[in-house]
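Quick notes on the structure that follows.
Chains as they are written, first to last, in this note's numbering: chain A, 3 to 197; chain B, 3 to 576.
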């Protein structure tokens, strides 16, 4: 009983520390990520989603709600858990506010990441509908990476990057680095509310 | 005005920091030294390992964690080993350095390399994951504190990549017990002065194949020992080695583990060899039979087995200790299914007949096909398993084809069927598609009658684009090499063994330094960059990926006695 109480206290503390930390960093204006606004031309490629369905990428990325894009892969170590935890959190926060959020992850390990691997990855993260995970031929994936100015010759040297497309003017907010989820949500809302 | 603004900011930051500090102090007093638990050590290790690898608490529920500062996530998606890797020596990925987390390293002061871009930008702000660069040694207490609140013994706060884990004292104690124990003493077969290796050869292997395997292996061992002798001479003459150099040279030996008789008796033979003289890893190996007994032994002993020459590997998504070149015959079957799935004119009404020769090879091809076909959410195909005698019989096959009227015929048989193909194909409609395996037909693949070559699709799991590099599979010489019909049925034992040795040493053994742990070897081998090798278009890696080559072409033969191999698909078919 006593230990249970202690555990509750502990969880509370961790959560508190976690909430305080981003506030301090925010107040100190020491943002840990780089932000810029970019224009990208999406290449004319057909990729395959986690259900094995073909999707025309430029069509998928259009529409009148924002789209968030990242590059990950099924067996990646440090960065993907962080990026995907961010996606999941954004998904639950935004859907809780009765808005829809569209998330698109694109694999940079197309050799290994078959639709089945993609599907299992999403399941592991308990993704809800609206998070698409895409694979394709290496050539097409390379074209997409290049279009987003995110090309890396080898997946082992990739870096954390999120891009949010504004439905208003088609520009992209490019976020390089690791954000707290609060910062991520703010960036997303700024794009969503853009007049 | 502007000034005022920034002052308030400073104050608010200070206040927040003070609150934080208070919280942390409270936390430290709360997080007392985790007491030893009343469990036998083996239980502590089992439960701790499960927490570390699978993110499951001793109670069986998933471990809660906070990541990126404020995201609560349970550990079903990722666990400690996702980032610190199974051997616990950490990783360098996505530009972020994940430090070691084995007790041996944690209980010593440590300095680690900064993460990529782990620096100030012009405005003096960090642009990336800030890493704690130097810290004092941990105690059990400060270690618990690190995992709960993300602070090192000097109070420096970790970046947001490392999750915070609110664990009870008891669970914490189990996890720490595991961290203290794993990757602490060198694995069997390795010491600062020597690596012992073995290779496995079963008695069904021909003397030529055996020789083809042993020559490059022996050469490798001799070279290692020669290098060591030269290095020792240098030392004698007063050369002072750099730290890297000290670990680059060590004695190596190779035992040959001969397996005799029925595969059921192999586990006993392997255990006897390993007990007499344990080895650090098995380098390659060769058998024409199912690799499973050896695979299972390595899994149970946690013994790495690096790239054996087998086309009958164990297909598993969770097995850890054997690295295979590819999935062998199963990969050919899979590629066929994926290719067929993309054939547009293939309606569900068109019957598909899969004829399987009753042999391990036939079964492996069919299993690969069925699994992949099922993944495409296709209806199961009609599968008939026939003995070699039934296949040779003139009427059996003809009768079956007449009965099933297939529009697609998969023939997972050996080359005895090649001369019968012309007659057989006459029974099929002109639009029918035929599939065979180059692995199973071997050298005789090229005897497929010319008139049929535009109708028969062949699975071929090797490189087709010219390879620039030496013939034996090394990377040095620049001889563009084009694969033709002569490569059908070639087992590529010398070239593949050479690739294995280069790969396993340059990007594995040589990077171990003083961390002589088998799990660490597999970790570093699986986080290496993609490779272009002689026999496959591409090798790719990732933690848990165990089949380095993911591709397989579907080809057709060109005309003539020495036909060209004409790709009809991509290397990797989606």
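Don't be surprised by glycine CBs; every beta carbon is placed ideally from N, CA and C.
Just so you know, these numbers come straight off a predicted model, no measurement behind them.
- Counting along the chain, the unbroken alpha helix (DSSP H) around residue 527 (chain B) starts and ends at 520-528.
- Interface flag for residue 158 (chain A) against chain B is set, since a Cβ pair is found closer than 7 Å.
- The beta carbons of residue 109 (chain A) and residue 161 (chain A) sit about 15 Å from each other, so the pair does not count as a contact at 8 Å.
- Residue 118 (chain A) reaches chain B at 377, counting residues in chain order whose Cβ is nearer than 8 Å.
- A direct Cα-Cα distance of roughly 8 Å separates residue 64 (chain A) from residue 167 (chain A).
- Excluding its 5 nearest sequence neighbours in each direction, residue 503 (chain B) has C-beta neighbours in its own chain below 6 Å: 222, listed in chain order.
- Interface annotation, residue 570 (chain B): not in contact with chain A, CB-CB separation never under 7 Å.
- For residue 378 (chain B), no alpha helix (DSSP H) segment is defined, and its DSSP state is neither H nor E.
- Within a 10 Å sphere around the beta-carbon of residue 526 (chain B) sit 16 or more other beta-carbons, which makes this residue buried.
- Contact check for residue 185 (chain B) and residue 521 (chain B): beta-carbon distance about 7 Å, within the 8 Å limit, so the pair qualifies.
- For residue 146 (chain B), the three-state secondary structure derived from DSSP is helix.
- Using beta-carbon distances, residue 81 (chain A) counts as an interface residue toward chain B, with a partner under 7 Å.
- When only Cα atoms are considered, residue 69 (chain A) and residue 362 (chain B) end up about 49 Å apart.
- Residue contact check for residue 100 (chain B) against chain A: a CB pair falls below 7 Å.
- Any Cβ of chain B closer than 7 Å to the Cβ of residue 99 (chain A) would place that residue at the interface, and such an atom is absent.
- Judged by DSSP secondary structure, residue 144 (chain A) falls outside any beta strand (DSSP E) and instead within the alpha helix (DSSP H) spanning 140-149.
- Residue environment analysis places residue 53 (chain B) among the buried positions, since at least 16 neighbouring C-beta atoms fall within 10 angstroms of its C-beta.
- The DSSP assignment places 354-359, 384-388 as complete runs of the beta strand (DSSP E) inside the stretch 336-404 of chain B, in order along the chain (cut-off: 3 residues).
- Look at residue 82 (chain A) here: in three-state DSSP terms it is helix.
- Nearest CB-CB separation between residue 526 (chain B) and chain A: not below the 7 Å threshold.
- Annotation: residue 67 (chain B) to residue 76 (chain B) spans about 6 Å, alpha carbon to alpha carbon.
- Under the Cβ criterion of 7 Å, residue 173 (chain A) is not counted among the residues facing chain B.
- Within the stretch 77-104 of chain B, the residues whose Cβ lies closer than 8 Å to some Cβ of chain A are 78, 79, 80, 84, 85, 87, 93, 95, 96, 97, 98, 100, listed in chain order.
- Taken atom to atom, the span from the alpha-carbon of residue 458 (chain B) to that of residue 258 (chain B) is near 42 Å.
- For residue 144 (chain A), none of the residues of chain B pass the 9 Å Cβ criterion, the least Cβ distance being about 13 Å.
- The three-state secondary structure of residue 134 (chain A), taken from DSSP, is strand.
- For residue 547 (chain B), the chain A residues whose Cβ falls inside 8 Å of its Cβ are 77, 114, in order along the chain.
- Per DSSP, the continuous beta strand (DSSP E) segment holding residue 94 (chain B) begins and ends at 93-95.
- For residue 412 (chain B), the enclosing beta strand (DSSP E) stretches over residues 410-414.
- Contacts with chain A at 7 Å (Cβ-Cβ) include residue 542 (chain B).
- The beta carbon of residue 566 (chain B) sits closer than 8 Å to the beta carbons of 486, 487, 559, 560 from its chain, once the five residues preceding and following it are set aside; these are given in chain order.
- Contact between residue 296 (chain B) and residue 202 (chain B) holds, with the beta-carbon distance rounding to 6 Å and staying under 8 Å.
- Judged by DSSP secondary structure, residue 568 (chain B) falls within the beta strand (DSSP E) whose first and last residues are 567-569.
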